Amino acid sequence: MFDLNGIAPAIRDFVVKQNMAGQPITALHVCNEVADVCDAQLKVDTMTRVLHELGFRHIKGEQRHIYAETPGNVAFRRTYLEKKIANRAAVRGPKLGTKRSVRLGVDRAEVYLDESDCNVNHVTGKTWLTADKIRYSKTGRGARACIIAAGIIKSKGAVLTGFFLLKIPSRFGIPL
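For what it's worth, the numbering used here labels the leading residue of the sequence shown as 7, then goes sequentially.
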């Protein structure tokens with residue numbers, strides 16, 4: 007048998023410490039910590055019940071760093087799209103396969119660059135969290151593939167032309 011009041015501080019400290027370090031937490035990890043610190047041997051099912059009694063939940067939680075919808079980024083996207091739309095121009099000449107004589111082209115050539123990172127090993131989706139549901143996590147684990155793409159779109163007379171290039175490091179075994 008175990009004393010809940012005796013092991014509760016050790017459990018709470020461990021879960022908070024692991025979360026702040028960005029480490030995923032499982033009931034087995036908590037069992038091992040309680041065994042080391044408090045000399046109390048608990049089964050995983052028992053630890054799951056104890057964690058629920060202490061107010062922890064095994065959920066995804068809310069990520070700590072979400073920058074996509076900040077007011078600055080929303081304003082930047084709006085300005086960017088307004089400039090892209092302003093570059094559109096009516097181009098005379100038939101579009102292939104249609105009878106229309108006017109279509110959209112571009113005034114100036116548009117160059118698109120993209121650099122995307124993808125982690126080879128992803129972090130587990132669920133972890134034990136406190137009531138605030140904030141998960142402190144790193145961006146990922148293991149090697150990171152950097153995928154680079156570039157493209158250009160331009161109007162040449164009545165023809166909309168373009169070029170696209172994709173580069174993925176060969177060490178990740180992704181065929182092109």
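We put the CB at the ideal spot given by N, CA and C, even for glycine.
Keep in mind that this is a model prediction, so the values were computed, not measured.
List the endpoints of the continuous alpha helix (DSSP H) containing residue i.
i: isoleucine 91; result: 77–92
i: isoleucine 31; result: No alpha helix (DSSP H) holds isoleucine 31; DSSP gives it neither H nor E.
i: lysine 49; result: Per DSSP, lysine 49 belongs to no alpha helix (DSSP H) and is neither H nor E.
i: leucine 60; result: Taken as a continuous stretch (DSSP letters only), leucine 60 belongs to no alpha helix (DSSP H), as it is neither H nor E.
i: arginine 18; result: 10–26
Going along the chain, which residues of its own chain have a beta-carbon closer than 6 Å to the beta-carbon of residue i, five neighbours each way excluded?
i: threonine 133; result: Pro30 and Ile31
i: proline 181; result: Unreliable positioning characterises proline 181 in this predicted model, as indicated by a pLDDT of 49, which lies under 50. A coordinate reading is not provided.
i: alanine 46; result: Phe8, Ile13 and Val40
Which same chain residues, not among the five before or five after residue i, have their C-beta less than 8 Å away from its C-beta?
i: arginine 94; result: Leu110, Gly111, Val112 and Asp113
i: valine 22; result: Thr136
i: isoleucine 72; result: Interpretation of isoleucine 72 is limited by its pLDDT of 48, a score under 50 that renders its predicted location unreliable; no figure is taken from the coordinates.
Quick check: the Cα distance between residue i and residue j, rounded to an integer number of angstroms?
i: cysteine 44; j: tyrosine 86; result: 57 Å
i: glycine 78; j: lysine 89; result: 17 Å
i: methionine 26; j: aspartate 19; result: 11 Å
i: phenylalanine 170; j: alanine 92; result: 23 Å
i: glycine 157; j: valine 80; result: 24 Å
i: arginine 84; j: valine 117; result: 18 Å
i: cysteine 37; j: threonine 76; result: 39 Å
i: glutamine 24; j: isoleucine 65; result: 15 Å
i: glycine 12; j: methionine 53; result: 14 Å
i: glycine 28; j: histidine 58; result: 21 Å
i: lysine 162; j: phenylalanine 82; result: 30 Å
Could you give the C-beta distance for residue i and residue j, rounded to a whole number, given that I count them as a contact under 8 Å?
i: leucine 10; j: valine 56; result: 7 Å
i: alanine 16; j: valine 50; result: That belief does not hold up - the Cβ atoms of alanine 16 and valine 50 are roughly 17 Å apart, past 8 Å.
i: isoleucine 159; j: alanine 96; result: Going by Cβ atoms, the distance from isoleucine 159 to alanine 96 rounds to 16 Å, so no, they are not a contact pair.
i: phenylalanine 8; j: leucine 48; result: 6 Å
i: threonine 136; j: phenylalanine 62; result: 6 Å
Which two residues bound the contiguous beta strand (DSSP E) that contains residue i?
i: threonine 133; result: 133–135
i: arginine 63; result: 63–65
With a threshold of 7 Å on Cβ separation, who are the neighbours of residue i within its own chain once the five nearest residues in sequence on each side are excluded?
i: alanine 14; result: Leu60
i: aspartate 42; result: none
Would you say the beta carbon of residue i comes nearer than 7 Å to a heavy atom of the ligand GDP?
i: leucine 34; result: This structure simply doesn't include the ligand GDP, nor any ligand for that matter.
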